[in-house]
Amino acid sequence: MPEGHLIHHFADRIRADLGGTEIRATSPQGKFDAGALDGRRLLDVRAAGKHLFYDVEDAPAVHVHLGMRGLFLHHPDPTTPARTGTRLRLANDDAAWDLIAPSACDLLDAAEVARILAKLGPDPLGPDDPAAAVTALRSFRGPVGAALLDQSVWAGVGNAWRAELLFLAHLHPRTPCADLSADQATALWELTRRLMALGRDAGQVVSDPTDPDERWVYRRATCRRCGTAVATAAVAGRTAHWCPAEQDEQVHALPTR
DNA sequence: GTGGCATGGACAT
DNA sequence: TGTCCCTGCCACA
955 MPEGHLIHHF ADRIRADLGG TEIRATSPQG KFDAGALDGR RLLDVRAAGK HLFYDVEDAP
1015 AVHVHLGMRG LFLHHPDPTT PARTGTRLRL ANDDAAWDLI APSACDLLDA AEVARILAKL
1075 GPDPLGPDDP AAAVTALRSF RGPVGAALLD QSVWAGVGNA WRAELLFLAH LHPRTPCADL
1135 SADQATALWE LTRRLMALGR DAGQVVSDPT DPDERWVYRR ATCRRCGTAV ATAAVAGRTA
1195 HWCPAEQDEQ VHALPTR
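Here the working numbering is used: the first residue of the first sequence is 955, the next is one more, and so on.
Here it is in structure tokens:
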């Protein structure tokens, strides 16, 4: 679940529930020292790609990364007991938000936060910067299927989005980025922004707005559009899914640059 | 009950 | 490229 759209989704919800209020911070699991945050005001909750930051008044920032297995749990009743293994609970009188199994939950100073942000490429759910996004994608040395997972190219895309976006763009995951035309790269960026924004608001991957629970190729046996058996192979170390009938290897079909 | 896999990424090699 | 780490879910005994 935790690709960039969900991180933005949770940042929006947690900000709405807890932002601007004094929070109680605890670590039911005991693996995090919440003392520096407890009783202080939560100023903001920010998402950048797959990273989330809590800005707390007069305290270091909390950097959260869910990795593959982390999750946020919302409790409308803040007295609900936390499940065992809850790394961090932030609560006020109206709600509690629990963080489970993150790959990162650290207190960072401003320089360390800046260092993380500096490594990230344009975020499709951040301010629109098509020129930077297109340049980053087209100058990547490798296939587009690897570029989309590289957070320094675009920040927030994960394996599920990679599969669905490349399907909709008719791009084979092994298409070299150097072969992408500016128009293709721009179209892919715009598609990514549009769908990930729907995904952020819905709290799930949305690759067909008319049927948000469906996928075109990701983890499917057959292509939802044409029925061809979905092909899979590791691209950049993760399983890529594509429709061999609709996503040609573009070795010869070379677009204008 | 067990084992394998996974929507991620850091680090060693 | 391989290894490791955070846990949940599923298929299979």
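Glycine is no exception: its CB is placed at the ideal position from the N, C-alpha and C atoms.
Asked, Found
"7 Å Cβ shell around VAL1160 - same chain, five flanking residues per side excluded", "LEU1149, LEU1152, GLY1153, PRO1166"
"Host beta strand (DSSP E) of LEU1006 (start-end)", "1005–1010"
"Option in PRO1163, GLY1003, GLU1203, GLU1011 with minimal Cα separation from LEU1145", "PRO1163"
"Whole-number beta carbon distance between ALA1049 and ASP971, since they are thought to touch under 8 Å", "4 Å"
"Residue burial classification, ARG1023 (beta-carbon count within 10 angstroms, cutoff 16)", "exposed"
"Sub-8 Å separation of ARG1179 and GLU1203 beta-carbons", "no"
"Three-state secondary structure assigned by DSSP to PHE964", "helix"
"ASP1137 versus ARG1147: straight-line alpha-carbon distance, rounded", "15 Å"
"Rounded separation between SER1093 and THR1040 - CA only", "41 Å"
"Those residues which DSSP pairs with TRP1051 across a bridge", "HIS1028, LEU1044"
"Whole-number beta carbon distance between ALA1190 and GLY1099, since they are thought to touch under 8 Å", "6 Å"
"Beta-carbon proximity check, PRO1127 vs ALA1194, cutoff 8 Å", "yes"
"Where HIS962 falls, given that 16 or more other Cβ within 10 Å makes a residue buried", "buried"
"Local conformation of HIS1124 per DSSP, three classes", "coil"
"Cα-Cα separation between LEU960 and TRP1108, rounded to whole angstroms", "16 Å"
"C-alpha gap between LEU1091 and ALA1139, whole angstroms", "7 Å"
"ARG1000 to LEU1006 span [Cα, whole Å]", "6 Å"
"Buried versus exposed, by CB contacts within 10 Å (16 or more), ALA1045", "buried"
"Beta-carbon proximity of ASP987 to LEU997, cut-off 8 Å", "no"
"Option in GLY974, GLY1075, PRO1076, GLU957 with minimal Cα separation from VAL1018", "GLU957"
"SER1106 vs LEU1071 beta-carbon contact at 8 Å", "no"
"Local conformation of VAL1107 per DSSP, three classes", "coil"
"Beta carbon of ALA1123 nearer than 8 Å to that of LEU1103", "no"
"Three-way DSSP call (helix, strand, coil) for ARG995 in this model", "strand"
"Cross-strand partners of ASP925 (DSSP beta bridge)", "Because residue 925 is not part of the residues shown, which for the chain are 955 to 1211, the question remains open."
"With 16 other Cβ atoms within 10 Å as the buried cut-off, status of LYS1004", "buried"
"Close Cβ partners of ALA1117 (< 6 Å) along its chain, the five nearest in sequence each way excluded", "VAL1171, TYR1172, HIS1195"
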